[in-house]
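Q: Residue numbers (this note's numbering): 4 to 193.
Even for Gly, the Cβ is constructed at its ideal location relative to N, Cα and C.
Right, here's the structure in full:
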């Protein structure tokens with residue numbers, strides 16, 4: 004027989020497994036590592052679910068556990084001097100591209116794969132704290148408030164990091180945009 008706590012965990016936390024896995028894949032760049040990260044996240048969440056304040060944002064709480072688990076693992080691997088693959092998932096670049104195109108009202112075509120590669124490259128060049136905010140807001144579609152809870156910083160910091168990250172991406176993608184005719188040189192961001 005399940006306790007009310009187990010039922011609550013199952014209803015609230017387990018419904019978010021797909022979202023956690025998607026973010027974990029983007030963080031780890033490996034489906035196998037992402038599965039391990041999600042499994043460890045769920046185990047930690049289950050072990051401390053009795054301390055979770057019912058009625059608060061379970062999604063943000065789980066994403067914070069996921070991010071902390073990822074960061075701790077990253078630090079541990081760095082201490083062990085294991086090289087990490089820092090490439091951005093090509094599907095992530097494609098998702099960012101398609102989201103931008105939906106906002107622009109334009110369908111995706113095959114010529115956009117080069118643009119996806121450029122977006123991928125630009126994302127890889129972002130500092131981790133900026134890349135994480137872009138991933139959580141623009142790909143995982145968390146609210147600014149949820150991202151602030153996940154990364155453990157004030158809401159204003161999330162907003163400024165996102166603004167700076169988008170500005171960095173814009174600058175990094177300018178050359179490509181001019182070469183491909185998406186942007187005239189006179190319209191370059193200073």
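Could you name the residues of the same chain whose beta carbon sits closer than 7 Å to that of residue 27, not counting the 5 residues immediately before and after it, in chain order?
A: Closer than 7 Å at the Cβ level, and outside the excluded window around residue 27, lie 37, 40, 41, 69.
Q: Going by beta carbon distance, what residues of the same chain come within less than 7 Å of residue 53, once the five residues before and after it are set aside?
A: 8
Q: Give the C-beta separation of residue 129 and residue 168 to the nearest angstrom, bearing in mind that I take them to be a contact with Cβ-Cβ under 8 Å.
A: 6 Å
Q: My output table needs one value for residue 184: the three-state DSSP class, helix, strand or coil.
A: Coil at residue 184, not helix or strand.
Q: Apart from the five residues on each side of it in sequence, which residues of its chain come closer than 8 Å, Cβ to Cβ, to residue 73?
A: 27, 30, 31, 40
Q: Where does residue 91 land, buried or exposed, given buried means 16+ other C-beta within 10 angstroms?
A: A caution first: residue 91 carries a pLDDT of 48, below 50, which makes its placement in the model too unreliable to give a value.
Q: Could you name the residues of the same chain whose beta carbon sits closer than 8 Å to that of residue 49, not counting the 5 residues immediately before and after it, in chain order?
A: 12, 16
Q: Straight-line CA distance for residue 64 to residue 126?
A: 25 Å
Q: Assuming the contact rule is C-beta atoms closer than 8 Å, residue 185 and residue 164 should be a hit. Round their C-beta distance to whole Å, please.
A: With a Cβ gap of about 26 Å, residue 185 and residue 164 do not count as contacting.
Q: Compare the C-alpha of residue 146 against each of 25, 120, 60 and name the closest.
A: When only C-alpha atoms are compared, the closest one is 60.
Q: For residue 5, count neighbouring C-beta atoms within 10 Å of its own C-beta (all shown protein chains included) and say buried if the count is 16 or more, exposed if not.
A: exposed
Q: Is residue 131 helix, strand or coil by DSSP?
A: In the structure shown, residue 131 sits in a helix (DSSP, three-state: H, G or I).
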